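Chemist: Sharing a structure with you now.
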Amino acid sequence: MLNDFLPISPALRQVASDFTLPEPLGFGTHVAPIMVTCDFTSGAWQEARIAPFQAFSILPSAKILHYGQQIFEGMKAYRYENGHPRLFRPLDNLGRFNASARRMAMPEIPSQIFMSALGSMVHYLRGVIPQGVGESLYIRPVMMALDSGLSLAPSQDYRFYLIASPSGSYFAGGDVHALIERSDCRAAPGGTGSVKTAGNYGGSIKSAIHARSMGYQQTLWLDARHQKFVEEFSGMNMFAVRDGILYTPELNSTILPGITRDSVIKLARSLGYDVREEAIDIDELVSDIKSGICSELFACGTAAIITPVAALGEYDGTLYTLQNTASPVAMTLRTRLLEIQIGLADDPFHWSQVV
Ligand code: COI
Numbered sequence: 001m002l003n004d005f006l007p008i009s010p011a012l013r014q015v016a017s018d019f020t021l022p023e024p025l026g027f028g029t030h031v032a033p034i035m036v037t038c039d040f041t042s043g044a045w046q047e048a049r050i051a052p053f054q055a056f057s058i059l060p061s062a063k064i065l066h067y068g069q070q071i072f073e074g075m076k077a078y079r080y081e082n083g084h085p086r087l088f089r090p091l092d093n094l095g096r097f098n099a100s101a102r103r104m105a106m107p108e109i110p111s112q113i114f115m116s117a118l119g120s121m122v123h124y125l126r127g128v129i130p131q132g133v134g135e136s137l138y139i140r141p142v143m144m145a146l147d148s149g150l151s152l153a154p155s156q157d158y159r160f161y162l163i164a165s166p167s168g169s170y171f172a173g174g175d176v177h178a179l180i181e182r183s184d185c186r187a188a189p190g191g192t193g194s195v196k197t198a199g200n201y202g203g204s205i206k207s208a209i210h211a212r213s214m215g216y217q218q219t220l221w222l223d224a225r226h227q228k229f230v231e232e233f234s235g236m237n238m239f240a241v242r243d244g245i246l247y248t249p250e251l252n253s254t255i256l257p258g259i260t261r262d263s264v265i266k267l268a269r270s271l272g273y274d275v276r277e278e279a280i281d282i283d284e285l286v287s288d289i290k291s292g293i294c295s296e297l298f299a300c301g302t303a304a305i306i307t308p309v310a311a312l313g314e315y316d317g318t319l320y321t322l323q324n325t326a327s328p329v330a331m332t333l334r335t336r337l338l339e340i341q342i343g344l345a346d347d348p349f350h351w352s353q354v355v
């Protein structure tokens, strides 16, 4: 059980308990009125503290604003019928956060600081963890470079902070259609595609705008070298079900190692599915969708959980629609995953951590 909580002042405790669940919830729209901050200065992490959610003062010359030295995570706390809140695989998020820190030449955060920040936010905000299906307290740990200066050099000072937002579904509802991006690229080999840094996401927005204007909700990215192999959606990993077998692109330096992706693989195998991590040729995938060999596509990630994708499409509007709209494999995995996350089903993998 995670119970190493940071102290909170009576005034902030009141602020946290006065916060009520916003209506409608949306995703990441309403941010809780408290946060945790912890600074890295003089070569060491300082004391973490709970603060009101409020604007930071950073200099216009801060390195984060010029060179994007920033990393983040997406996590969720669930609560079922007023039981204890639960986090899902928090140590895996910590591990990925520190892998991102290493790639972005930032200091790693000690487990104790990360976990007590996380546990404290979940504990003090436990009254506003929504309990509808797929709803949760979405948590965003972030680290950014604070040094002032325009030389392209690592910062000495950093800020870690953690904010939270009671959230519902990432997708607004209705079928999810994804645009196959055959022009821009998300990540190149040896770049930063496999870590969680803002630039990977900022670079996807141009495609997202185009996709939205055509009625698509996501972009599906292809590998930068050949524009041939599927990588991931802008904010989540991808699975295809072909002839009853689950396929997902194998991890490399351009694909984010999703914790939900890993959970899907392990869960699906435990349920008897054959799961293969291998290159997925986009043209073969399209042809398998057209012939019905590919019966399902789904997106998975912390925010998206497991969301069926009903069609892929092209810039010219050509749509490849999946024939099996019920998405039985995706929905079976989604239900089982959510049951583990809220503590309703056996957790053979010990993923769910009580706070
Ligand atoms: C998450 O799934 O937590 C992410 O960080 C993806 C983001 C696009 C919401």
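Letter by letter, the sequence shown follows residues 1 to 355 in full-length UniProt numbering. Ideal placement from N, C-alpha and C gives every residue a C-beta, glycine not left out. Here the structure is a predicted model, which is why all the values come from computation and not from measurement.
Distance, Cα to Cα, M236 vs A198?
Modeler: Roughly 14 Å separates the two Cα atoms.
Chemist: Looking at the strands, I want to know which residues DSSP matches up with A311.
Modeler: Note: A311 sits in a beta bridge opposite H177, T321.
Chemist: Kindly give me the distance between the Cβ atoms of I255 and E277, rounded to whole angstroms, as I take these residues to be in contact under 8 Å.
Modeler: In fact, because the Cβ distance is near 10 Å, the residues do not count as touching under 8 Å.
Chemist: Can you list, in chain order, the stretches of the beta strand (DSSP E) that have 3 or more residues and sit fully within the stretch 209 to 262?
Modeler: Listed in chain order, they are 218 to 222, 230 to 233, 237 to 242, 245 to 248.
Chemist: When the Cα of T20 is compared with those of G95, P249, L137, N3, which residue comes out closest?
Modeler: Answer by Cα proximity: L137.
Chemist: Any heavy atom of the ligand FAD closer than 8 Å to the Cβ of A178?
Modeler: Of the ligands this structure carries, namely the ligand COI, none is the ligand FAD.
Chemist: Compute the Euclidean distance between the alpha carbons of R86 and E23, then round it to the nearest angstrom.
Modeler: The alpha-carbon atoms of R86 and E23 are separated by roughly 23 Å.
Chemist: Quick check on G301: does DSSP put it in helix, strand or coil?
Modeler: Strand.
Chemist: Please list, following the chain, all residues that have a C-beta closer than 5 Å to any non-hydrogen atom of the ligand COI.
Modeler: In chain order, the qualifying residues are G74, G235, G301, T302, A303.
Chemist: Among the candidates I209, W351, A303, whose CA atom is the shortest distance from the CA of L267?
Modeler: Looking at the Cα atoms, W351 is the closest of the given residues.
Chemist: Within its chain, find whatever has a CB closer than 8 Å to the CB of D347; leave out the 5 residues flanking it on each side and keep chain order.
Modeler: So the list reads I340, once near-sequence residues are dropped.
Chemist: DSSP three-state label for F5, please.
Modeler: Three-state DSSP puts F5 in coil, outside helix and strand.
Chemist: Taking just the CA atoms, how far does G132 sit from L344?
Modeler: Taking the straight line from one Cα to the other gives about 14 Å.
Chemist: Taking 9 Å as the cut-off, decide whether the C-beta atoms of F229 and I280 are in contact.
Modeler: Yes, the pair counts as a contact, with Cβ atoms nearer than the cut-off.
Chemist: Can you tell me which of V329, L59, Q46, M75 puts its alpha carbon nearest to the alpha carbon of G272?
Modeler: The shortest Cα separation from G272 among V329, L59, Q46, M75 belongs to V329.
Chemist: Does M106 come out as helix, strand or coil in the three-state DSSP assignment?
Modeler: Three-state DSSP puts M106 in coil, outside helix and strand.
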